[in-house]
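**Student:** Below is one structure. I have some questions about it.
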Amino acid sequence: MSRPHPNSHLIGDLQARSALATPALILDLPVLEANLSTGMRLVKDAGKAFRPHFKAHKSLDIARRQLELGATGICVATLSEAEAACELGAELLLTSIISTDAQCKRIAALAASGATIIAVVDHPDVALRLESVLQGTCGALDVLIDLDMRRARSGCATPKAAAELGNLVSASPTLRLRGVQAYAGQLSHMTSCKERSAAHAEFTSRLAAFKFALSHILPDDPIVSGGSTGSMNLDLSGPLTELQCGSYALMDVEYLNVEPGWTAWPFKPALRVQSSVLSTHWDAHAITDAGDKWFADKYGAAPRIVLGAPETAVFEPISDEHARLVTEAKLHPGDRIECLPPHCDPTINLFAAYHVFAGEQLRDIWPIEARGL
Ligand code: PLP
Ligand code: MN
1 MSRPHPNSHL IGDLQARSAL ATPALILDLP VLEANLSTGM RLVKDAGKAF
51 RPHFKAHKSL DIARRQLELG ATGICVATLS EAEAACELGA ELLLTSIIST
101 DAQCKRIAAL AASGATIIAV VDHPDVALRL ESVLQGTCGA LDVLIDLDMR
151 RARSGCATPK AAAELGNLVS ASPTLRLRGV QAYAGQLSHM TSCKERSAAH
201 AEFTSRLAAF KFALSHILPD DPIVSGGSTG SMNLDLSGPL TELQCGSYAL
251 MDVEYLNVEP GWTAWPFKPA LRVQSSVLST HWDAHAITDA GDKWFADKYG
301 AAPRIVLGAP ETAVFEPISD EHARLVTEAK LHPGDRIECL PPHCDPTINL
351 FAAYHVFAGE QLRDIWPIEA RGL
């Protein structure tokens, strides 16, 4: 039996911000909406398609807004995200490689149920596995050939391997080749803009070699999908036909620590973790209720305090349910502290819902979908 959300009675309350059960994930609605519009405008003005990534926000409410603004479709990272996002009725791109029979059956079932979904493949064995599963359902599936853009995480490593796989897919009665995925994720958090530009130039020429090897089998208007928030400024004038950025909607400390590709980041932090002060018996620190279970980082950044304590205070999760707030400022039990999360996607995955705020008013509570398998 599912319990009601402990803050649901506060929806609509004009002073809800200081009354929440914590730790709570807060989403600033006006900032989110500005980020979504700015992202869409930048991509559209560059003449590209935008297929924002669901993995960042895991929210049907946010994905719906992205589609209303003109997104071509939605990227998903897992089959459970794909299953959740189905109800959007948008064309989904599963950007992660699948490999097992069980995964192939699951994606075939989605396609057979009427979902429009594109898979990525990087190995002939998986293409054949998909083909045989699809024969059982009488369905067909769109695919992109995944290319390794030196992230060394997935993708064909050479133009020759990509062409061999492309030939196999082209000849298949059940697979339809739509284009390629060229995700250079290693660029996203390169701190220096200069370094990122140099890596992007290398990515551009590497991708050209792959496209040349595939030119005889690619459709007339192939999808060339990839990109992240960190490389967005470069991708706007690069070889991708569609961008997969996700974090731009929410932002986080680790992106704010990266030198922006613009004079300033066009996206502002929309996400905060709110915690409550529990204990205050020490001169140089207090204890709050958001410990390790409520924060995730990828590159070692700490939560950044933006409300409730001086900017110089340091927020350190010290155990599962407790964090130390290092400051000489006098705090009291029940005081609210808000921090920007170090890394948005894995932090969001720790929470069941967003508390959607405009100022002090709790506008709504949006569920975070597909956190499991
Ligand atoms: N595409 C793929 C394949 C990814 O793995 C990711 C994120 O890790 C993204 C796009 C979006 O990147 P970001 O959230 O940094 O914009
Ligand atoms: Mn990320």
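Counting in our numbering, the sequence shown runs from 1 upward without gaps.
Beta carbons: idealized from backbone N, C-alpha and C, even for Gly.
These numbers come from a predicted model, not from an experiment.
Determine the closest residue to A358 out of S2, P6, A34, with distance taken between C-alpha atoms.
**Tutor:** Ranking S2, P6, A34 by Cα distance to A358 puts A34 first.
**Student:** Whole beta strand (DSSP E) runs in the stretch 227-307 with 3 or more residues, listed along the chain?
**Tutor:** Runs found: 271-279, 285-288, 304-307.
**Student:** Look up D221 in the DSSP assignment and say whether it is helix, strand or coil.
**Tutor:** D221: coil per DSSP, three-state reduction.
**Student:** If you scan the stretch 98-142 from start to end, which runs of the alpha helix (DSSP H) of 4 or more residues do you find wholly inside it?
**Tutor:** For the stretch 98-142, whole alpha helix (DSSP H) runs of length 4 or above, ordered along the chain, are 101-112, 124-137.
**Student:** State the DSSP-derived secondary structure class of H189, mapped to helix, strand or coil.
**Tutor:** It is coil, neither helix nor strand.
**Student:** Please confirm whether K55 and A71 have their CB atoms less than 9 Å apart.
**Tutor:** Their beta carbons are not under 9 Å apart, which means K55 does not touch A71 by this criterion.
**Student:** Under a criterion of Cβ closer than 5 Å to any non-hydrogen atom of the ligand PLP, which residues qualify, in chain order?
**Tutor:** Answer in sequence order: H53, A56, T95, Y183, S188, S228, T229, Q244, C245, G246, S247.
**Student:** Short of 7 Å in beta carbon distance, which residues of its chain neighbour T288, apart from the five on each side in sequence? Order them along the chain.
**Tutor:** Counting only Cβ-Cβ distances below 7 Å, and skipping sequence neighbours, we find S275, S276, V277, L278, A323, L325, I337.
**Student:** Quick check on the burial criterion: 16 or more other C-beta atoms within 10 angstroms. Buried or exposed for G226?
**Tutor:** Counting Cβ neighbours within 10 Å, G226 comes out buried, since at least 16 surround it.
**Student:** Just checking my contact of A286 with L331 at CB under 8 Å: how many whole Å lie between their CB atoms?
**Tutor:** Between L331 and A286 the Cβ distance is about 4 Å, and since that is below 8 Å, they are a contact.
**Student:** Okay, do the stretch 347-361 and the stretch 19-39 touch, 3+ Cβ pairs below 8 Å being the bar?
**Tutor:** With a cut-off of 8 Å, the stretch 19-39 and the stretch 347-361 count as touching, because enough Cβ pairs lie within range.
**Student:** Is K194 near the ligand MN - that is, is its Cβ less than 8 Å away from at least one heavy atom of it?
**Tutor:** It does not: the Cβ of K194 is nowhere closer than 8 Å to a heavy atom of the ligand MN.
**Student:** Whose C-alpha, out of I145, L69, P239, is nearest the C-alpha of A201?
**Tutor:** If we check each option's Cα against that of A201, P239 comes out closest.
**Student:** Measure the CB-CB distance between A108 and L134 and report whether it falls below 9 Å.
**Tutor:** Against a cut-off of 9 Å, the Cβ pair of L134 and A108 comes out as a contact.
**Student:** Please state whether DSSP places F357 in a helix, a strand or coil.
**Tutor:** The answer is strand: DSSP assigns F357 an E or B state.
**Student:** Can you tell me whether C75 sits near the ligand MN, meaning its C-beta is under 8 Å from at least one heavy atom of the ligand?
**Tutor:** It does not: the Cβ of C75 is nowhere closer than 8 Å to a heavy atom of the ligand MN.
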